[in-house]
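> Quick note: the sequence shown uses the numbering used here, first residue 96, plus one each step.
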Amino acid sequence: MTRNTKPQPTSRKPHSTNDTAGDHFNRLVELMRRLRSPSGCPWDREQTLHSLRSFLLEETYEVLDAIDRNDQAELKNELGDLLFQIVFLAEICSESDSFTISNIITAITNKLIDRHPHVFGEESGLRTPGSKPITTKEITGLWEQLKAKEKSKKGHSQSLLGSVPETLPALLRAHEIGSRVATVGFDWPRAESVINKIDEEVTELREAIANNVPISVQEEMGDFLFSIANLSRKLGVDPETALRQANRKFCSRFAQVERKLQSRGRTIHKSTPEELEGLWDEVKKSETED
Numbered sequence: 096m097t098r099n100t101k102p103q104p105t106s107r108k109p110h111s112t113n114d115t116a117g118d119h120f121n122r123l124v125e126l127m128r129r130l131r132s133p134s135g136c137p138w139d140r141e142q143t144l145h146s147l148r149s150f151l152l153e154e155t156y157e158v159l160d161a162i163d164r165n166d167q168a169e170l171k172n173e174l175g176d177l178l179f180q181i182v183f184l185a186e187i188c189s190e191s192d193s194f195t196i197s198n199i200i201t202a203i204t205n206k207l208i209d210r211h212p213h214v215f216g217e218e219s220g221l222r223t224p225g226s227k228p229i230t231t232k233e234i235t236g237l238w239e240q241l242k243a244k245e246k247s248k249k250g251h252s253q254s255l256l257g258s259v260p261e262t263l264p265a266l267l268r269a270h271e272i273g274s275r276v277a278t279v280g281f282d283w284p285r286a287e288s289v290i291n292k293i294d295e296e297v298t299e300l301r302e303a304i305a306n307n308v309p310i311s312v313q314e315e316m317g318d319f320l321f322s323i324a325n326l327s328r329k330l331g332v333d334p335e336t337a338l339r340q341a342n343r344k345f346c347s348r349f350a351q352v353e354r355k356l357q358s359r360g361r362t363i364h365k366s367t368p369e370e371l372e373g374l375w376d377e378v379k380k381s382e383t384e385d
């Protein structure tokens, strides 16, 4: 499947549910290899791991957008684009003999089996037959323990937060940080406690604004947003998804305001704030009536 001849670990994969998926995947890998070959595409040959970062991020967000819109047809296409980016990155690494796409698949398969002893444990003796089902909360704690052991074996930092990527969107990273420390009991007891913390942060933000110290305003705004992200976590809400939905709702409403103005022969730029506010209220009212 690849031209890398490094020995590969034996895969402990579950049974496939689609016998043709492997053939299609191999075809995609071969297509990527041809695009990167001397007789392939000049643009594809010029790409590097770093140059593909922006494309990987773009495709990821397009997948999220399709999910949020519940557009299954578009989701299929966007998942294909994202898969292509992964194969592209793997091919570049294969060319430098770092690792291959087969290594990637083997590694993730083995990792998932190792991190699910409550599912595959009977096969390795980690779980006795007939033992009681594990709860979601127990699974989360077990997952973090297993990840910590893996990192310890690799000589990585054993800090609970050491592996939270700096590159995550800030709200998502705050959510993940809160989730990590919650596994060891460092958490607010309930959502109401976080709301009280948010009230406290708003008071401190007001004081910073009144004192007109920009650096303090930024710091207090950060504390406020961190608390908001953790309130989302306590309520079982993904903050990034919630904010994307709010952005989409705002854009939809504003577009309706623009259409109302256009139907009256008016433009946004020649409308007063009072007019815009009135039309905004009309749009919101029509939504509740529907």
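Note that the Cβ used here is the ideal one computed from N, Cα and C, for glycine as well.
1) Between the Cα of residue 258 and those of 275, 264, 346, spot the shortest distance and give me the residue it belongs to.
2) Are the region 303-313 and the region 284-292 in contact at 8 Å, needing three or more beta carbon pairs?
3) Kindly indicate which residue of 255, 148, 156, 267 has the alpha-carbon position closest to the one of residue 321.
4) Please confirm whether residue 141 has its beta-carbon closer than 7 Å to some beta-carbon of chain D.
5) If you draw a straight line from the C-alpha of residue 372 to the C-alpha of residue 353, how long is it?
6) For the alpha helix (DSSP H) containing residue 329, name the first residue and the last one.
7) Can you grab the Cα-Cα spacing for the pair residue 213 / residue 351, in whole Å?
8) Take residue 98 and list the residues in its own chain whose beta-carbon comes closer than 6 Å to its own, dropping the five residues that flank it on each side.
9) Taking the alpha helix (DSSP H) that residue 175 falls in, what are its first and last residues?
10) Which class does residue 105 belong to by DSSP, given the choice of helix, strand or coil?
11) Hey, out of 245, 374, 182, whose CA is closest to residue 205's CA?
12) When DSSP labels each residue in this structure, what does residue 142 get in the three-state scheme?
So, from the listed chains and residues:
1) Answer by Cα proximity: 275.
2) Between the region 303-313 and the region 284-292 there are fewer than three C-beta pairs closer than 8 Å, too few to call the two in contact.
3) Considering only alpha carbons, the answer is 267.
4) Looking at the structure shown, chain D is missing, and only one protein chain is on hand.
5) Rounded to the nearest angstrom, the gap between the Cα atoms of residue 372 and residue 353 is 12 Å.
6) Residues 309-329.
7) Rounded to the nearest whole angstrom, the CA to CA distance from residue 213 to residue 351 is 51 Å.
8) Reliability of the predicted coordinates at residue 98 is poor, the pLDDT of 41 falling under 50, and the value obtained from them is presented with this limitation in mind. Taken in chain order, the list of residues that qualify is empty.
9) Run containing residue 175: 167-190, per the alpha helix (DSSP H) assignment.
10) Confidence at residue 105 is low in this model, with a pLDDT of 42, below 50, so the placement of that residue should be treated as unreliable; the coordinate-derived value is given next. In the structure shown, residue 105 sits in coil (DSSP, three-state: anything other than H, G, I, E or B).
11) Nearest C-alpha to residue 205 among 245, 374, 182: 245.
12) Reduced to three states, the DSSP call for residue 142 is coil.
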